[in-house]
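Asker: Sharing a structure below in structure tokens format, with a few things to ask.
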Amino acid sequence: MANQQAYFFDMDGVLFDSMPHHAIAWEEVMKKHGLSFTARDCYINEGRTGESVIREAMWKARNRDARPDEIEQIYAEKSAYFHQLGEAYPIPNVADVLQYVQSCGHQIWVVTGSGQRTLIDSLHAVFPNIFQRDRMITAFDVTHGKPDPEPYLKAWERSGLPKEKCFVIENAPLGIRAGKAAGLTVYAVNTGILTREDLAQADQVFNSMTELLMFLKQ
Ligand code: CA
2 MANQQAYFFD MDGVLFDSMP HHAIAWEEVM KKHGLSFTAR DCYINEGRTG ESVIREAMWK
62 ARNRDARPDE IEQIYAEKSA YFHQLGEAYP IPNVADVLQY VQSCGHQIWV VTGSGQRTLI
122 DSLHAVFPNI FQRDRMITAF DVTHGKPDPE PYLKAWERSG LPKEKCFVIE NAPLGIRAGK
182 AAGLTVYAVN TGILTREDLA QADQVFNSMT ELLMFLKQ
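In this text, residue positions in the sequence shown follow the numbering used here: the first is 2, and each later residue adds one.
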């Protein structure tokens, strides 16, 4: 297809509204361990590993590094709490964006730091006939996660398209950084509690998927 484009969708906060659950789980478990980690900290740090956020919170609260057993314990508690909160709903109107992009004949990719092996099944269940197994870049495909450009560079290479025809859809500062470092156009959709300024590194910032859809249809 001569005019084909590729859209690289991030997952948490772009396809699924999972960030509120992450924020609740982190805030509660950190508090229990005498550490401070607000919902805003969670959104700003989205994409960083659990280990690195625990270590930073420990430096802030007790001016020392976290021990490996502490990191393991806190992360296990956070994961258990997160799963207790149940499955996240899709981001409002993202299905309309996906359907529109598909109807144009463009490529749809998922580029996520998530390492869930059942990811493709969850995607098929919520967004039927949109995603393909060979158009996914997950934690298993890269050495360096976001904000490193590697995940988006991999998607770009596999798309076979020039960079100016590839578009990143992100919701988080570190993901935006990764897309820009890969030399791609980044559209940020503010689906959480951050301000427009937090997302200002993107080429365009939208307040909702509906705004993004209107822009794409222009
Ligand atoms: Ca995200």
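For glycine and all other residues, C-beta sits at the position ideal for the given N, C-alpha and C.
Roughly how many angstroms lie between the CA atoms of residue 15 and residue 61, to the nearest whole one?
Answerer: Rounded to the nearest angstrom, the two C-alpha atoms are 30 angstroms apart.
Asker: Given a threshold of 16 other Cβ atoms within 10 Å of its Cβ, counted over all protein chains shown, does residue 107 qualify as buried or as exposed?
Answerer: Answer is buried; the Cβ neighbour count reaches 16.
Asker: Any chance the CB of residue 156 is under 7 angstroms from a heavy atom of ligand 1?
Answerer: No, the Cβ of residue 156 stays beyond 7 angstroms of every heavy atom of ligand 1.
Asker: Which residue or residues does DSSP assign as beta-bridge partners of residue 138?
Answerer: Note: residue 138 sits in a beta bridge opposite 112.
Asker: Please work out which residues of its chain come closer than 6 angstroms, Cβ to Cβ, to residue 138, disregarding the five sequence neighbours upstream and downstream, and give them in chain order.
Answerer: Cβ neighbours of residue 138 beyond the five flanking positions: 112, 152, 155 and 156.
Asker: Can you grab the Cα-Cα spacing for the pair residue 95 / residue 211, in whole Å?
Answerer: Using only the alpha carbons, I get a separation of about 8 angstroms.
Asker: Of the residues 100, 110 and 30, which one's Cα is nearest the Cα of residue 161?
Answerer: For the residues 100, 110 and 30, the minimum Cα distance to residue 161 belongs to 110.
Asker: Between the stretch 200-214 and the stretch 88-102, do three or more beta carbon pairs fall short of 8 angstroms?
Answerer: With the cut-off at 8 angstroms, the stretch 200-214 and the stretch 88-102 touch.
Asker: So which of 158, 129 and 130 has the shortest CA-CA distance to residue 142?
Answerer: Of the listed residues, the one whose Cα sits closest to residue 142 is 158.
Asker: Provide the residue(s) that pair with residue 186 in DSSP beta bridges, ordered along the chain.
Answerer: For residue 186, which the question treats as bridged, DSSP gives the partners 168.
Asker: Are residue 194 and residue 40 closer than 8 angstroms when you measure CB to CB?
Answerer: In this structure, residue 40 lies closer than 8 angstroms to residue 194 by Cβ.
Asker: Could you say which of 67, 204, 65 and 82 lies nearest to residue 28 if we only look at CA atoms?
Answerer: Considering only alpha carbons, the answer is 82.
Asker: When burial is assigned at 16 or more other CB atoms within 10 Å of the CB, is residue 130 buried or exposed?
Answerer: Counting Cβ neighbours within 10 Å, residue 130 comes out exposed, since fewer than 16 surround it.
Asker: Terminal residues of the continuous alpha helix (DSSP H) containing residue 7?
Answerer: Segment 7-10 is the beta strand (DSSP E) holding residue 7; no alpha helix (DSSP H) there.
Asker: For ligand 1, enumerate in chain order all residues having a CB closer than 7 angstroms to any of its heavy atoms.
Answerer: This selection yields 11, 12, 13, 14, 15, 47, 48, 171, 172, 173 and 176.
Asker: Hey, how far is the Cα of residue 183 from the Cα of residue 119?
Answerer: Taking the straight line from one Cα to the other gives about 27 angstroms.
Asker: I need the straight-line Cα distance from residue 44 to residue 104, nearest angstrom please.
Answerer: Distance between the alpha carbons of residue 44 and residue 104 is about 32 angstroms.
Asker: Starting from residue 216, trace the alpha helix (DSSP H) in both directions and tell me its first and last residue.
Answerer: Residues 210-218.
Asker: What do you reckon, are the CB atoms on residue 172 and residue 42 nearer than 8 angstroms?
Answerer: Contact flag unset, no.
Asker: Since residue 26 and residue 79 should fall inside the 8 angstroms C-beta cutoff, what is the C-beta to C-beta distance between them, to a whole number of angstroms?
Answerer: Contact flag correct, Cβ pair sits at about 5 angstroms.
Asker: Quick check on residue 74: does DSSP put it in helix, strand or coil?
Answerer: DSSP places residue 74 in helix when its eight states are reduced to three.
Asker: Would residue 147 pass as a contact of residue 176 if the rule is Cβ separation under 8 angstroms?
Answerer: It is a contact, given that the beta carbons lie within the stated cut-off.
Asker: On a Cα-Cα basis, can you pick out the residue from 174, 185 and 216 that is closest to residue 198?
Answerer: Among 174, 185 and 216, the Cα nearest to that of residue 198 belongs to 174.
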